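K.L.:
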Amino acid sequence: MARSDNKKRGEEPPPSKWSNEIIGIILIAVGVLLTLSLVSYSPEHLPEWGPLKDFADHTGRGGSNLIGPVGAVLAFCLIFLLGAAGWLVPMGLIWFGVVKLIRDGSIWPRKMIGLLILLVAGAIWLHAADYFFKDWALRCRITGIGPGGIIGYGLGGFVFVKLIGKAGTLLLLGTGYLVALLLFTGHRPIRFSKACFKLAQLKLAEAREKRGAAGVAAARQAELDAEKERQREQRRRERETSKAAAVPATAPVVDGQAMLPLKETPVPQIIDASQRRANAIPAGEKPFERKNSGHQSLSTNAHADYETPGYDLLDEIDLGSEPEAANRDELLSNQQIIIDTLKAFGIDVTAGDITRGPTITRYEIYPSVGLRVARSSQLEADIARATCAERINILAPIPGKDTVGIEIANTQKVAVPLRELIEDPEFNSSKKKIPLALGKDVYGKTVIADLAAMPHLLVAGATGSGKSVCINSIIASILFKFGPDELRFIMVDPKVVEMQMYNRLPHLVVPVVTDPKKVVAALKWVVNEMEKRYRIFAKVGVRNFDAYNVRVRPEKAAPSPVAAPEPQEDEPEETAVFDAAGNKVPSTHFAPPWATEDSDEPAEAMDSIAAALASGELGAEAEEDELIPDEDEMPDRFPYIVVLIDELADLMQTAPADVEMCIARIAQKARAAGIHLIIATQTPRADVVTGIIKANIPCRIAFQVSSALDSRVILDTKGADKLVGKGDMLYLPPGSAKLERAQGAFVSDHEVERLVEHCSKQAAPNFVSEIQASIDGGGDDDEDDVSDADEELIVKCIEVARQEQKCSTSLLQRRLRLGYTRAARMVDILEARGVVGPGDGAKPREVYLK
Numbered sequence: 002m003a004r005s006d007n008k009k010r011g012e013e014p015p016p017s018k019w020s021n022e023i024i025g026i027i028l029i030a031v032g033v034l035l036t037l038s039l040v041s042y043s044p045e046h047l048p049e050w051g052p053l054k055d056f057a058d059h060t061g062r063g064g065s066n067l068i069g070p071v072g073a074v075l076a077f078c079l080i081f082l083l084g085a086a087g088w089l090v091p092m093g094l095i096w097f098g099v100v101k102l103i104r105d106g107s108i109w110p111r112k113m114i115g116l117l118i119l120l121v122a123g124a125i126w127l128h129a130a131d132y133f134f135k136d137w138a139l140r141c142r143i144t145g146i147g148p149g150g151i152i153g154y155g156l157g158g159f160v161f162v163k164l165i166g167k168a169g170t171l172l173l174l175g176t177g178y179l180v181a182l183l184l185f186t187g188h189r190p191i192r193f194s195k196a197c198f199k200l201a202q203l204k205l206a207e208a209r210e211k212r213g214a215a216g217v218a219a220a221r222q223a224e225l226d227a228e229k230e231r232q233r234e235q236r237r238r239e240r241e242t243s244k245a246a247a248v249p250a251t252a253p254v255v256d257g258q259a260m261l262p263l264k265e266t267p268v269p270q271i272i273d274a275s276q277r278r279a280n281a282i283p284a285g286e287k288p289f290e291r292k293n294s295g296h297q298s299l300s301t302n303a304h305a306d307y308e309t310p311g312y313d314l315l316d317e318i319d320l321g322s323e324p325e326a327a328n329r330d331e332l333l334s335n336q337q338i339i340i341d342t343l344k345a346f347g348i349d350v351t352a353g354d355i356t357r358g359p360t361i362t363r364y365e366i367y368p369s370v371g372l373r374v375a376r377s378s379q380l381e382a383d384i385a386r387a388t389c390a391e392r393i394n395i396l397a398p399i400p401g402k403d404t405v406g407i408e409i410a411n412t413q414k415v416a417v418p419l420r421e422l423i424e425d426p427e428f429n430s431s432k433k434k435i436p437l438a439l440g441k442d443v444y445g446k447t448v449i450a451d452l453a454a455m456p457h458l459l460v461a462g463a464t465g466s467g468k469s470v471c472i473n474s475i476i477a478s479i480l481f482k483f484g485p486d487e488l489r490f491i492m493v494d495p496k497v498v499e500m501q502m503y504n505r506l507p508h509l510v511v512p513v514v515t516d517p518k519k520v521v522a523a524l525k526w527v528v529n530e531m532e533k534r535y536r537i538f539a540k541v542g543v544r545n546f547d548a549y550n551v552r553v554r555p556e557k558a559a560p561s562p563v564a565a566p567e568p569q570e571d572e573p574e575e576t577a578v579f580d581a582a583g584n585k586v587p588s589t590h591f592a593p594p595w596a597t598e599d600s601d602e603p604a605e606a607m608d609s610i611a612a613a614l615a616s617g618e619l620g621a622e623a624e625e626d627e628l629i630p631d632e633d634e635m636p637d638r639f640p641y642i643v644v645l646i647d648e649l650a651d652l653m654q655t656a657p658a659d660v661e662m663c664i665a666r667i668a669q670k671a672r673a674a675g676i677h678l679i680i681a682t683q684t685p686r687a688d689v690v691t692g693i694i695k696a697n698i699p700c701r702i703a704f705q706v707s708s709a710l711d712s713r714v715i716l717d718t719k720g721a722d723k724l725v726g727k728g729d730m731l732y733l734p735p736g737s738a739k740l741e742r743a744q745g746a747f748v749s750d751h752e753v754e755r756l757v758e759h760c761s762k763q764a765a766p767n768f769v770s771e772i773q774a775s776i777d778g779g780g781d782d783d784e785d786d787v788s789d790a791d792e793e794l795i796v797k798c799i800e801v802a803r804q805e806q807k808c809s810t811s812l813l814q815r816r817l818r819l820g821y822t823r824a825a826r827m828v829d830i831l832e833a834r835g836v837v838g839p840g841d842g843a844k845p846r847e848v849y850l851k
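Numbering (the working numbering), first residue to last: 2 to 851.
Here it is, written out as structure tokens:
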């Protein structure tokens, strides 16, 4: 119906979309063809065809038009009919093609009528204004009809010019040309003019706004320059005043230790704590003089002639090679930049002290009253940008002070030699049982820790951050004080190459353990040694390691011969029993329950034991040795034992459950037994440094790490990710939640080699063969046959034992639905791995994991 109605009205139906695209492409192609024909047209190109001979240049050859002879003929037809207005034909065709392609619009009938009027009006107007195109008409050989073509010549010369004259023709046809142009393009000139006017107004407003903003910025910059000039002049007057004032006679004191101030001490106070200090030490003097006790220890050799190392084994402190003192103007300038940056964000602060440490410089500021200190922490990135600092750290506030500290890394870092720390009086203090020289803090105070007070230490950091140097410094600190009969090492080095230089030390119980499979056996030996010491402490009646070593030892008297009494048939045989003081007291032998006078029901007792055997709670062997344990060898003195694990991540990949369990047991109980643990790792992940390990090792040292997540794994807080590396560390001391930032001590490989060489010359390595055999045979037990399925079951058994805090064969049978044989095997494996204790008759086994 719609198609028929359109036909009745004489209208063309709207073409489909694909037809519009085809028509548009054809129109554009024809328009381009005609344009090329007109551009390259010349009368010389016309062929000598019929009536064209009169307009062709007979001297020409033709055929040089871009479209060939056909193009020359088409161009001639347009020029002959419309003159110069013929150029509007290809332009109109291209316009129609673009409309069809882009707008999918209709070109019939309004636009076609507009184009026809445009062509006719243009031709007539050009004929009336022939003085514009006289030369062009001459070149095209149409001077006889004029630049308006035959249409302009006929309608213009014989109709419009004769009727209304040239002026009227130009005015009327010009108006008609504009009307036709509106019909052809479909645009309204008034609306277009308004849009152009609005655009011009908008551009002018933007230009005025830019000029105003530039003026305001220039005025503000002038004010800032004037303010900076006034501040610069004020600081200059303050410097002149401070120079005229008397210099204080005493150096400033921070935390009880004298610092090295700069030559001038203006307000705020500037402290340079990065300078090294060297003490006049006589040649050959030692930090500690050995006092030979003459008592036998774990070592078979008393090492009576052993001499501890002296200061001369370490490199001398070269004060001439240290960096220059801090530039006072540079420090004040940085502090002013920090204050200006905070003030730009609306935070008003006052300048405080400036302390330059070995690695960082701490700028202290006093926040204004009512200002939240957390706001300054949020501007860390802006302060780093303003100061062009490598890394900064904001302490809001500084622990123990009412100031906020902004720590910026020094461009020139100062190393802290180990000798400077060893020479410090605090290292030689009698209050430190096992002194460890760790480094110097930002105030220049030496950080000397006591391993006996820690009592265990976790060291973690990324590769190249200074972790290995810290371990070497700890070992060197111990070697300066203890001989082989006073302290023994068990070193674990899964990376093989880190601790090989220490294999010659006489302090080693066994050679450095490098096989991860033998580490569990070594840790189990430490656990057994710990349990053995506690049994001896209980027998002697002392509470800890120190009390045992300083106890009053009874004098050994020669035994006198005593006649043996004749045995009596009716009396029970006596068994030797010792009290807590070691004296022999008479006692009858241990009789079964049914053999006593109070037990008149032996049948019921036998039934209860049979039931215990059937349920698996009492082993078939009755474990008589556990009821009366063998006598442990009781030495006169025990040495300290320090267990060093250089890379925990490798061990946690080999046997995580066993390693974690052994470390947890040692960390929980070994302090009073004189056994201490130092663990290092360069992979501080949550599956390596587990919660159980962290809970039992409160003292930690964190070097630079890659992310705040790694810092939280080590320290339970962020901060290690903002360290600058090369020994820069955060130290969590024992009994404190306040982190201390320090520069770690530096000891070179040559110094370590000299220390090891000295110790090895004093005494040869004396490894304990029984312990080595125990470690070597630690992996050749029944656990080699444990499959992956058994490992999963063992984990479940450990979890059951940890939840119930008891373990027995019947318990595992009920909870995990196991048979008796498999449940008994699981109990044996748990005992071998040190998870549960030995059987104690019908009682459940003790669980060591909490």
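We put the beta carbon where it would ideally sit given N, CA and C, even for glycine. As the structure is a prediction and not an experimental result, all values here were calculated from the model.
1) Can you pull the DSSP bridge partners for residue 273?
2) Measuring only the C-alpha atoms, how far is residue 148 from residue 74?
3) For the candidate residues 228, 91, 83 and 179, whose alpha-carbon lies nearest to that of residue 150?
4) For residue 1 versus residue 121, is the C-beta distance shorter than 8 Å?
5) CB-CB under 7 Å to residue 428, same chain, minus the five flanking residues each way: which ones, in chain order?
6) According to DSSP, is residue 132 helix, strand or coil?
7) Which same chain residues, not among the five before or five after residue 91, have their C-beta less than 6 Å away from its C-beta?
8) Can you name the residues that DSSP bridges to residue 1?
9) Between residue 358 and residue 702, what straight-line distance do the alpha-carbon atoms span, to the nearest angstrom?
10) Hey, which unbroken runs of the alpha helix (DSSP H) at 4 residues or more fall wholly within the region 732-784?
11) Spatial neighbours of residue 745 within its chain, please: C-beta separation below 6 Å, excluding the five flanking residues on both sides.
12) So for residue 365, helix, strand or coil by DSSP?
13) For residue 103, is the classification buried or exposed, using 16 other Cβ atoms within 10 angstroms of its Cβ as the cut-off for buried?
14) Under a three-way DSSP split, which group does residue 256 fall into?
15) Please classify residue 515: does DSSP put it in a helix, a strand, or coil?
16) Run through DSSP, which three-state label would residue 316 get?
17) So for residue 457, helix, strand or coil by DSSP?
18) Please work out which residues of its chain come closer than 6 Å, Cβ to Cβ, to residue 524, disregarding the five sequence neighbours upstream and downstream, and give them in chain order.
19) Taking the beta strand (DSSP E) that residue 492 falls in, what are its first and last residues?
20) Using alpha carbons as the reference points, say which of 407, 700 and 41 lies closest to residue 737.
21) Can you give me the start and stop residues for the beta strand (DSSP E) that residue 700 sits inside?
22) Please state whether the Cβ-Cβ distance between residue 94 and residue 28 is less than 8 Å.
23) In the DSSP output, what is residue 808 paired with across the bridge?
24) Could you compute how far the alpha carbon of residue 627 sits from the alpha carbon of residue 838?
25) Measure the C-alpha to C-alpha separation of residue 329 and residue 390 and round it to an integer number of angstroms.
26) Going by DSSP, what residues sit across from residue 1 in a beta bridge?
27) Just checking, does the region 707-718 make contact with the region 372-385 on the three C-beta pairs under 8 Å criterion?
28) Is the CB-CB distance between residue 641 and residue 488 below 8 Å?
29) Pick from 39, 649 and 670: whose alpha carbon is nearest that of residue 688?
30) Cα-Cα, which of 849, 454, 531 and 509 is closest to residue 698?
31) Output the distance between the C-alpha atoms of residue 213 and residue 376, rounded to the nearest integer angstrom.
32) Can you look up residue 643 in the DSSP assignment and give me helix, strand or coil?
33) When we look at the beta-carbon of residue 682 and count the other beta-carbons within 10 Å, is it buried (16 or more) or exposed?
34) Using a threshold of 8 Å, state whether the C-beta atoms of residue 554 and residue 637 are closer than that.
35) Quick one: what does DSSP say residue 691 is sitting in, helix, strand or coil?
36) Provide the residue(s) that pair with residue 351 in DSSP beta bridges, ordered along the chain.
P.N.:
Taking the definition as stated:
1) As a position in the sequence shown, residue 273 is number 272, starting the count at 1. Per DSSP, 357.
2) Here residue 148 refers to the residue found at position 147 when the sequence shown is read from its first residue. Here residue 74 refers to the residue found at position 73 when the sequence shown is read from its first residue. Distance between the alpha carbons of residue 148 and residue 74 is about 18 Å.
3) Within the sequence shown, residue 150 is the residue found at index 149, counting from 1. The residue with the shortest Cα to Cα distance from residue 150 is 83.
4) Here the chain covers residues 2 to 851 and nothing more, so residue 1 does not appear.
5) Within the sequence shown, numbered from 1, the residue matching residue 428 stands at position 427. The residues are 288, 422, 436, 438 and 449.
6) For the purposes of this step, residue 132 is taken as the residue at position 131 of the sequence shown. Three-state DSSP puts residue 132 in a helix.
7) What you label residue 91 is simply residue 90 of the sequence shown in a count that begins at 1. Around residue 91: 32, 35 and 36.
8) There is simply no residue 1 to check, as the chain begins at 2 and stops at 851 in what is shown.
9) As a first step, residue 358 is located in the sequence shown; it is residue number 357 there, counting from the start. As a first step, residue 702 is located in the sequence shown; it is residue number 701 there, counting from the start. Rounded to whole angstroms, residue 358 to residue 702 spans 19 Å at the Cα level.
10) 750-763 and 770-777
11) What you label residue 745 is simply residue 744 of the sequence shown in a count that begins at 1. Within the same chain, residue 745 has close Cβ partners 440, 467, 471, 728 and 730.
12) The residue given as residue 365 occupies position 364 in the sequence shown. Reduced to three states, the DSSP call for residue 365 is strand.
13) Locating residue 103 in the sequence shown gives position 102, where the first residue counts as 1. The residue is exposed, with fewer than 16 neighbouring Cβ atoms inside 10 Å.
14) Position 255 of the sequence shown, counted from the start, is the residue given in the question as residue 256. Residue placement at residue 256 is poorly supported in this model, since its pLDDT is 43, which falls under 50; the coordinates are not used for a value here.
15) The residue you call residue 515 lines up with position 514 of the sequence shown. Residue 515 falls in the coil class under three-state DSSP.
16) The residue labelled residue 316 in the question sits at position 315 within the sequence shown. If DSSP states are grouped into helix, strand and coil, residue 316 belongs with coil.
17) If you number the sequence shown from 1, residue 457 lands on position 456. Coil, per DSSP.
18) Here residue 524 refers to the residue found at position 523 of the sequence shown. Cβ within range, chain order: 663.
19) Stepping through the sequence shown from its first residue, residue 492 is reached at position 491. First-last of the beta strand (DSSP E) with residue 492: 488-493.
20) Position 736 of the sequence shown holds residue 737. The residue with the shortest Cα to Cα distance from residue 737 is 700.
21) For the purposes of this step, residue 700 is taken as the residue at position 699 of the sequence shown. Looking at the DSSP string, the run of the beta strand (DSSP E) that includes residue 700 is 700-703.
22) Taking the sequence shown and counting its residues from 1, one reaches residue 94 at position 93. Taking the sequence shown and counting its residues from 1, one reaches residue 28 at position 27. Yes, the pair counts as a contact, with Cβ atoms nearer than the cut-off.
23) Position 807 of the sequence shown, counting from 1, holds the residue named residue 808. DSSP, once it has assigned bridges, lists 846 as partnering residue 808.
24) As a working note, residue 627 is residue 626 in the sequence shown. As a working note, residue 838 is residue 837 in the sequence shown. Reliability fails at residue 627, whose pLDDT of 37 lies under 50, so the model's placement of it is uncertain and the value that follows must be treated cautiously. The alpha-carbon atoms of residue 627 and residue 838 are separated by roughly 11 Å.
25) The count along the sequence shown starts at 1 and reaches residue 329 at position 328. The count along the sequence shown starts at 1 and reaches residue 390 at position 389. Looking at the two C-alpha atoms, the distance is approximately 18 Å.
26) One cannot answer for residue 1 here, as it falls past the ends of the chain, which runs 2 to 851.
27) no
28) Here residue 641 refers to the residue found at position 640 when the sequence shown is read from its first residue. Here residue 488 refers to the residue found at position 487 when the sequence shown is read from its first residue. The answer is yes: Cβ separation under 8 Å.
29) Numbered from its first residue, the sequence shown carries residue 688 at position 687. Of the listed residues, the one whose Cα sits closest to residue 688 is 649.
30) Within the sequence shown, numbered from 1, the residue matching residue 698 stands at position 697. Looking at the Cα atoms, 454 is the closest of the given residues.
31) Here residue 213 refers to the residue found at position 212 of the sequence shown. Here residue 376 refers to the residue found at position 375 of the sequence shown. In a straight line, the C-alpha of residue 213 is about 34 Å away from that of residue 376.
32) Translated into positions along the sequence shown, residue 643 becomes position 642. Residue 643: strand per DSSP, three-state reduction.
33) Within the sequence shown, the letter at position 681 stands for residue 682. It counts as buried.
34) As a position in the sequence shown, residue 554 is number 553, starting the count at 1. As a position in the sequence shown, residue 637 is number 636, starting the count at 1. Yes. Within cutoff.
35) Residue mapping note: residue 691 aligns to position 690 of the sequence shown, counting from 1. In this structure, residue 691 counts as coil in the three-state DSSP scheme.
36) Counting from 1 along the sequence shown, the entry for residue 351 is found at position 350. Bridge partners of residue 351: 367.
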